[in-house]
Amino acid sequence: MIQIPNVPDGDNIPQLCHQTLVVPTAVLVPAPHGATAAPHGIAMTIGGVPPPRPHCCVSPQALCSVSPQDLAVPNAGWSVAMREQFQHLLRRTADGSWRRIPSYRRGLDYLPEVVQMVVGPVTGPGPRHFLRNLDAEGAGFEYAIFLHSSGHHAQCLCQLGPYLEGHHGFAHGGAIATLIDTTVGACALAVAKTSVMTAKLNISYLVPMPVGAVVVADSRMERHEGRKIFLSCRVHDTKGDTLYAEATALFIQVENTKPPPAARP
Ligand SMILES: CCCCCCCC/C=C\CCCCCCCC(=O)SCCNC(=O)CCNC(=O)[C@H](O)C(C)(C)COP(=O)(O)OP(=O)(O)OC[C@H]1O[C@@H](n2cnc3c(N)ncnc32)[C@H](O)[C@@H]1OP(=O)(O)O
1 MIQIPNVPDG DNIPQLCHQT LVVPTAVLVP APHGATAAPH GIAMTIGGVP
51 PPRPHCCVSP QALCSVSPQD LAVPNAGWSV AMREQFQHLL RRTADGSWRR
101 IPSYRRGLDY LPEVVQMVVG PVTGPGPRHF LRNLDAEGAG FEYAIFLHSS
151 GHHAQCLCQL GPYLEGHHGF AHGGAIATLI DTTVGACALA VAKTSVMTAK
201 LNISYLVPMP VGAVVVADSR MERHEGRKIF LSCRVHDTKG DTLYAEATAL
251 FIQVENTKPP PAARP
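255 is the number that full-length UniProt numbering gives to position 255 of the sequence shown; each next residue is one higher, with no gaps.
See the structure below:
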């Protein structure tokens with residue numbers, strides 16, 4: 001039994017939409033290098049992936065998950081290393097210095113106050129978060145973001161699955177960029193408390209990251225000048241021995257606006 005302390009009250013979100021989807025079950029994924037298991041003990045079967053999550057969104061027609069489910073918690077796709085590090089980070093939340101940010105498939109599934117903060121009053125389903133809309137646990141991004149009480153420091157624990165492969169056995173650079181953008185974005189949001197847009201993201205890829213690696217993206221706000229928020233990020237292994245990538249980012253605070261109708265499915 002995994003206990004999750006300090007989960008904000010807003011986690012108990014009422015059911016928000018009513019569309020059930022049939023998801024494909026026979027999604028085949030080649031095991032990296034023909035191995036019997038992906039690196040780092042990620043729980044994948046040969047030539048296949050674990051069964052899909054219930055109620056998941058996989059088609060462009062999908063409106064949102066039937067029952068909003070916080071996905072920033074352990075599931076069957078998490079490796080032992082991922083679980084251990086999650087528990088380690090969770091223990092730090094006990095004294096209130098850090099908090100775990102719940103994570104959902106759709107913007108509307110987020111905490112109501114976060115939705116209002118980021119996209120303004122929502123009448124539709126809200127933005128779909130592509131990191132959270134893969135159909136199998138462990139196949140794509142598995143992550144949990146922790147935010148320091150200062151609001152100037154965010155850490156994202158992440159395991160990048162086999163759908164994110166670029167070179168054979170290694171994570172695609174765009175997937176790593178996504179991880180970094182999401183982590184610095186969470187930090188920028190916490191700083192700004194309004195909607196923010198990535199204006200600039202400068203990444204140095206230092207060491208290839210194996211698929212299935214468990215990493216921590218560690219982001220800090222460096223300075224805040226008017227609407228401009230400058231941040232840094234370092235992506236390393238859980239022991240801090242390997243620095244995979246480092247980045248700097250500029251986010252701009254923008255008015256809370258809804259996306260144009262054409263952008264919505
Ligand atoms: C309580 C807290 C809880 C937190 C909980 C968190 C939960 C959520 C969890 C997870 C978060 C996930 C987060 C994901 C984040 C992802 C974000 C994206 O991917 S955004 C998509 C990609 N980015 C775009 O598409 C932008 C496209 N560009 C634009 O829209 C505009 O160019 C924009 C908004 C960036 C700026 O446009 P303007 O018209 O508003 O502003 P102007 O006047 O141009 O610039 C303002 C200042 O910024 C500088 N600036 C702008 N862009 C710059 C650039 N590229 N380089 C350098 N400076 C730039 C300018 O020189 C100006 O500086 P001077 O005020 O004059 O000093």
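By construction, the Cβ of each residue, glycine as well, lies at the ideal position given by its N, Cα and C atoms. Treat the numbers as computed from the prediction; the structure is a model and nothing was measured.
Span separating the alpha-carbon of residue i from that of residue j
i           : j      : result
THR194      : PHE251 : 11 angstroms
ARG92       : TRP98  : 6 angstroms
CYS187      : ALA199 : 15 angstroms
ASP95       : ARG83  : 20 angstroms
HIS153      : GLY185 : 11 angstroms
TYR104      : LYS228 : 27 angstroms
THR148      : TYR163 : The question names Thr, but residue 148 in the sequence shown is His. Taking the straight line from one Cα to the other gives about 30 angstroms.
ALA213      : THR242 : 11 angstroms
LEU179      : PRO68  : 22 angstroms
LEU134      : ALA247 : 26 angstroms
ALA245      : GLY226 : 28 angstroms
ALA139      : ALA175 : 12 angstroms
residue 343 : GLY173 : The shown model of the chain, from 1 to 265, leaves out residue 343, and the question about it has no answer.
ARG132      : GLN85  : 20 angstroms
THR238      : ALA81  : 9 angstroms
MET44       : GLU255 : With a pLDDT of 33 at MET44, under the threshold of 50, the modelled position of that residue is not reliable, and no figure is offered here.
ASP181      : LEU201 : 8 angstroms
CYS158      : THR183 : 10 angstroms
ALA217      : VAL211 : 16 angstroms
ALA177      : VAL73  : 22 angstroms
ARG106      : ALA144 : 16 angstroms
ILE101      : LEU71  : 10 angstroms
VAL215      : ALA192 : 26 angstroms
TRP78       : PRO127 : 26 angstroms
MET209      : ALA249 : 21 angstroms
PHE230      : GLN253 : 11 angstroms
PHE141      : LEU160 : 5 angstroms
ALA171      : PHE146 : 22 angstroms
Backbone secondary structure at residue i - three-state DSSP
i      : result
ASP181 : helix
TYR205 : strand
THR194 : coil
LEU164 : helix
ARG91  : helix
ALA175 : helix
ARG132 : helix
Beta-ladder partner(s) of residue i, from DSSP
i           : result
ARG99       : LEU147
ASP237      : VAL215
GLN85       : Note: GLN85 sits in no beta bridge, so no partner.
CYS187      : None; CYS187 has no bridge partner.
ALA247      : ILE203, CYS233
GLU225      : LYS228
ALA72       : DSSP, once it has assigned bridges, lists no residue as partnering ALA72.
PRO127      : In the DSSP output, where bridge partners are listed per residue, PRO127 has none listed.
residue 286 : Any answer about residue 286 is impossible in this case: the structure gives the chain only from 1 up to 265.
ALA154      : LEU147, SER219
GLU137      : In the DSSP output, where bridge partners are listed per residue, GLU137 has none listed.
GLU142      : GLN159
Residue burial classification, residue i (beta-carbon count within 10 angstroms, cutoff 16)
i      : result
LEU89  : buried
MET197 : exposed
GLN155 : buried
GLU137 : buried
PHE130 : exposed
GLY240 : exposed
ALA190 : buried
GLN87  : exposed
ALA76  : exposed
| Are three or more beta carbon pairs between the segment 163 to 172 and the segment 232 to 240 nearer than 8 angstroms? | no
| On the three-pair Cβ rule with 8 angstroms, is the segment 201 to 208 touching the segment 216 to 231? | no
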